[in-house]
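Student:
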Amino acid sequence: MVEATPLDEGWVLLHEGASLPAAVPGCVHTDLLAAGVIPDPFLGRNEPEVAWVGRREWTYERDLDVSGAPYEQTDLVFDGLDTVAEIRLDGRLLGRVRNMHRSYRFDVTGLAGRLTVRFASAYTEAEAVRGELGERPGAYTEPYQYVRKMACSFGWDWGPTLVTAGIWRPVRLEHWSTARIARVRPLVTVEDGTGVVELRLDVERTRVEADLTVEARVGGTVARAAVDGTTGVVRLRVPDVALWWPRGYGAQPLYDVELTLLHGTDRLDVWRRRVGFRTVELDTSADEHGTGFTLVVNGERLFARGVNWIPDDVFPSRVTRARYERRLRQAADAGVDLVRVWGGGIYEDDAFYDVCDELGLMVWQDFLFACAAYPEEQPLRGEVEADARENVVRLMPHPSLVLWNGNNENLWGFRDWDWEGPLAGDSWGEGYYLGLLPRIVAELDPTRPYTAGSPWSGSWDHHPNDPAHGTHHSWEVWNRQDYAGYRASVPRFVAEFGWQAPPAHATLRRALPGEELAPDSPGMLHHQKAEDGNGKLNRGLEHHFAVPEGDFDRWHYLTQVNQARAVAAGIEHWRSHWPVCAGTVVWQLNDCWPVTSWAAIDGDGREKPLYHELRRVYADRLLTVREERDGGLVVAVVNQSGEVWPGALRLRRMNVEGEVLGAAEVGFTAGRRAVEAVPVPRELEPGGPKEFLVAEADGASRSLRFPAPDREIPYPRPRFEVALVPGGIEVTARTLVRDLLLQADRLHPAARADRGLVTLLPGERVTIGVRGWENPDAAAARAALYCMEPSR
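Using this note's numbering, the first residue of the sequence shown is number 6, and each one after it goes up by one.
#1: So, is Ala447 buried or exposed, given that buried needs 16 or more other C-beta atoms within 10 angstroms?
#2: Measuring straight from C-alpha to C-alpha, what distance separates Tyr791 and Glu664?
#3: In the DSSP output, which residue or residues are listed as bridge partners for Ala9?
#4: Could you tell me whether the region 243-252 touches the region 164-175, where touching means 3 or more Cβ pairs closer than 8 angstroms?
#5: If we ignore side chains and look at the alpha-carbon of each, how far apart do Leu745 and Val482 end up?
#6: Can you check which of these residues, Arg279, Asp292, Arg345, is closest to Ala309 by C-alpha distance?
#7: Can at least three beta-carbon pairs, one atom from the region 191-211 and one from the region 565-573, be found at a separation below 8 angstroms?
#8: Taking only heavy atoms of the ligand GDP into account, decide whether any of them is closer than 7 angstroms to the Cβ of Asn313.
#9: In its own chain, which residues sit with a C-beta less than 7 angstroms from the C-beta of Glu381, not counting the 5 before and 5 after it?
#10: Let's see if you can read the secondary structure: which residues bound the beta strand (DSSP E) around Thr236?
#11: Should Asp274 and Trp181 be called a contact, given that it needs their Cβ atoms to be closer than 8 angstroms?
#12: Taking C-beta to C-beta, are Pro599 and Phe47 nearer than 8 angstroms?
#13: Can you check DSSP and say which residues form a bridge with Pro191?
#14: With a threshold of 8 angstroms, are at least 3 pairs of Cβ atoms found where one atom belongs to the region 769-781 and the other to the region 583-591?
#15: Cα separation between Phe124 and Gly85?
#16: Can you give me the start and stop residues for the alpha helix (DSSP H) that Ala133 sits inside?
#17: Which residues share a DSSP beta bridge with Arg776?
#18: To the nearest angstrom, how far is it from the Cα of Gly136 to the Cα of Trp249?
#19: Measure the C-alpha to C-alpha separation of Cys361 and Trp314 and round it to an integer number of angstroms.
#20: If you draw a straight line from the alpha carbon of Leu333 to that of Phe357, how long is it in whole angstroms?
#21: Just to confirm the assignment: which complete beta strand (DSSP E) runs, minimum length 3, are found wholly within the region 547-601?
#22: Does Arg252 have its Cβ less than 8 angstroms from a Cβ in chain C?
#23: Reducing DSSP to helix, strand and coil, say where Leu385 ends up.
#24: Is the region 619-635 touching the region 528-548 in the sense that three or more CB pairs, one from each, lie closer than 8 angstroms?
#25: Alpha carbons only, please: which of Ser459, Trp461, His510, Glu547 is nearest the one belonging to Arg485?
#26: According to DSSP, is Met793 part of a helix, a strand, or is it coil?
#27: If the criterion is Cβ atoms closer than 8 angstroms, does the pair Ala215 and Ala221 meet it?
#28: Could you tell me the alpha carbon to alpha carbon distance between Val213 and His474, rounded to whole angstroms?
#29: Look up Leu745 in the DSSP assignment and give the residues it is bridged to.
#30: Is the beta carbon of Lys613 closer than 8 angstroms to that of Ala511?
#31: Can you name the start and end residues of the alpha helix (DSSP H) that Met529 belongs to?
#32: Kindly list the residues whose CB is nearer than 6 angstroms to the CB of Arg657, restricted to its own chain and excluding five residues on each side of it in sequence; keep chain order.
#33: Run through DSSP, which three-state label would Phe372 get?
#34: Rounded to the nearest angstrom, how far is the Cβ of Ile734 from that of Ala786, given a contact under 8 angstroms?
#35: Between the Cα of Pro714 and the Cα atoms of Val552, Tyr616, His582, Val775, which residue gives the shortest distance?
#36: For Val661, count neighbouring C-beta atoms within 10 Å of its own C-beta (all shown protein chains included) and say buried if the count is 16 or more, exposed if not.
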């Protein structure tokens with residue numbers, strides 16, 4: 006049997022003539038941070054103080070001795086090297102590498118000595134490739150498109166510029182004899198209720214003449230086959246399989262697959278994975294609305310309730326399985342059923358996809374290209390093909406993976422971002438997205454759909470970001486408009502849209518120690534990476550509120566409210582137009598450091614009000630008030646559950662003093678996975694800034710429509726009572742209390758509230774659960790509560 010020996014200990018990092026302890030997996034920054042050589046780049050304005058790290062060469066070393074191993078071959082295996090490195094053993098060159106997204110294997114049979122991994126600066130590599138192949142345009146000035154490395158290492162409009170190097174994934178020795186399993190491609194399908202697993206394997210041999218066989222086991226089914234030279238195929242049919250479903254549609258049964266390589270009765274190697282049986286299709290057929298983009302799993306057409314995922318730490322080696330579980334559990338608990346792994350990051354660790362398999366979170370996986378023109382010549386082309394092939398095969402066992410996507414915004418960029426002139430006919434990536442990558446997916450993983458990019462209309466016959474065709478990125482609203490602009494169109498699938506807000510108060514206090522917080526204080530501006538980010542935040546506020554001057558706490562609350570309202574406005578509108586619109590993917594779920602951004606969960610893992618709003622607007626059942634083209638109002642009863650929703654819709658026209666000015670009750674029946682539009686009687690439509698509409702169903706679902714911006718609404722001064730109850734607080738409203746928010750992290754940095762924004766009518770009460778609060782106190786809770794107040 007293959008024997009593996011981890012090499013995670015004994016490493017040192019050479020720095021200024023000293024040998025610093027090195028963590029493997031890890032990176033130079035985290036090792037220097039642990040040794041006290043650099044300050045924490047996440048704190049204050051330390052980030053530029055450590056920029057020199059990314060410009061240096063770095064060497065890792067340890068002793069290695071495999072001279073006495075009782076096997077025919079020993080391989081040194083790196084699961085990930087970041088990024089450009091030379092590997093030597095006792096001075097002997099083993100190889101040179103230039104791709105963060107690949108693994109590497111070197112024959113070290115019988116060798117011993119000092120193992121060194123010397124990393125060149127990624128800048129040096131990128132600038133050399135740029136000099137050889139020519140300048141290519143991109144969204145940022147950093148040269149990330151010239152090296153196969155996590156693009157956002159070079160900074161983004163939500164991330165720091167911290168260009169890493171190091172042994173970022175595990176390294177080990179593998180000892181083996183006769184033969185080993187080099188690669189397995191599991192093709193998993195369902196045929197008339199029978200699960201089919203076809204395992205296509207490649208083997209590496211030390212003995213060409215040895216007769217080899219393989220034995221495969223899945224769910225009690227066993228099959229055997231011979232290995233023909235260095236390849237083999239074994240096929241199993243598993244009767245009456247339980248289907249894997251996305252969360253909210255069914256269960257997520259997983260089946261263990263075991264493939265054993267045999268020489269006679271000797272077990273040489275074993276490959277084990279978990280698979281799930283399901284079918285997935287992408288319906289991009291044309292209709293009267295344009296070109297669709299609808300995921301179909303097990304024959305069920307889905308409205309995808311999605312979030313975009315970026316690396317959860319700019320130093321990805323720090324992201325453990327437990328951290329993946331926390332973050333993805335947060336997503337699932339918010340009603341999310343699809344996570345898009347964005348193309349400026351990484352192919353995540355297997356643990357990420359394992360957790361998605363278990364939680365029923367569908368994964369949309371970008372190939373790693375984002376917001377730039379990418380050269381298609383060598384040395385990049387070979388590396389692109391190699392990392393795509395390796396990761397398609399690595400990830401294809403996971404049933405959660407439902408879509409391969411060629412790139413992020415590059416097809417759109419070519420058309421709209423003034424690339425064509427500067428390129429002057431040079432390659433820019435189109436050959437990857439429309440040629441190489443679809444061929445790789447068709448060859449290696451034909452069980453899944455591929456789309457060339459996001460956004461992409463399906464062909465050059467339409468604008469790449471045409472909302473009527475394929476996927477759409479909606480950024481004009483955030484950049485230049487009020488969020489009411491989301492309601493102006495019904496894209497077929499909204500793959501990116503979002504609104505910014507600062508992180509939680511406790512996150513800011515930790516990240517900006519000692520700073521007097523203000524929207525434009527030095528640390529706040531440094532932790533705002535978007536172009537004119539604060540200007541856009543304030544312009545967004547001005548549409549609705551009198552922007553508070555000199556009151557940071559109020560500004561902080563209002564920007565978080567505006568983020569939640571903006572994203573909710575988009576999702577509610579687009580969900581109400583299912584099946585024309587078949588999905589929304591919010592930018593973004595998470596952050597990689599403490600920053601003002603579009604994230605629902607900040608860089609310290611704290612939920613913003615947006616996170617809790619996602620729980621409401623991504624629920625199976627949702628009410629939303631929608632204005633029709635004739636000016637009338639309807640209540641869209643959105644039912645994404647698998648059961649018919651019959652109910653009574655209670656409508657009330659009220660004023661801000663709490664008086665009911667009119668009421669009606671209307672019956673409805675919303676079919677399974679369907680939307681029912683219920684007209685609002687004209688006499689119940691709000692008649693001015695003092696009035697609003699309340700729509701409720703079954704005592705659980707509620708939608709409010711205020712027809713005027715908050716600055717025009719004559720809110721009463723809010724009055725409410727706060728009492729401690731087991732596990733939290735209870736708030737009882739004596740007036741209208743709009744967008745009440747408990748900022749639990751103001752009670753204690755570890756405290757969390759179980760809900761975000763809530764609007765109470767006079768006499769209503771709400772219980773807000775709080776955990777992590779050491780010394781409950783009603784006065785402290787009241788001080789941490791914020792809500793809408795009369796305009797000043």
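Built from N, CA and C at the ideal position, the CB exists for glycine as well. Bear in mind the structure is a predicted one, so any value in this text is a computation, not a measurement.
Tutor: In brief:
#1: exposed
#2: 24 angstroms
#3: Glu179
#4: Taking one beta carbon from each stretch, the region 243-252 and the region 164-175 have fewer than 3 pairs nearer than 8 angstroms; the two do not touch.
#5: 26 angstroms
#6: Arg345
#7: No, the region 191-211 does not touch the region 565-573.
#8: The ligand GDP is not part of the structure shown, which contains no ligands of any sort.
#9: Ser432, Gly434, Gly436, Tyr437
#10: 236-243
#11: yes
#12: yes
#13: Leu204
#14: no
#15: One alpha carbon belongs to Phe124, the other to Gly85, and they sit about 13 angstroms apart.
#16: Ala133 -> alpha helix (DSSP H) spans 127-138.
#17: Arg757
#18: 49 angstroms
#19: 12 angstroms
#20: When rounded, the separation of the alpha-carbon atoms in Leu333 and Phe357 is 8 angstroms.
#21: 588-591
#22: Given the protein chain composition of this structure (a single chain), no chain C is represented.
#23: helix
#24: no
#25: Glu547
#26: Looking at Met793 - three-state DSSP - the assignment turns out to be coil, as it is neither helix nor strand.
#27: no
#28: Cα atoms of Val213 and His474: separation of roughly 53 angstroms, rounded to the nearest angstrom.
#29: Looking at the DSSP assignment, Leu745 forms a beta bridge with Val763.
#30: no
#31: 527-531
#32: Val665, Ala668, Val699
#33: coil
#34: 5 angstroms
#35: Val552
#36: Buried: at least 16 other Cβ atoms inside 10 Å.
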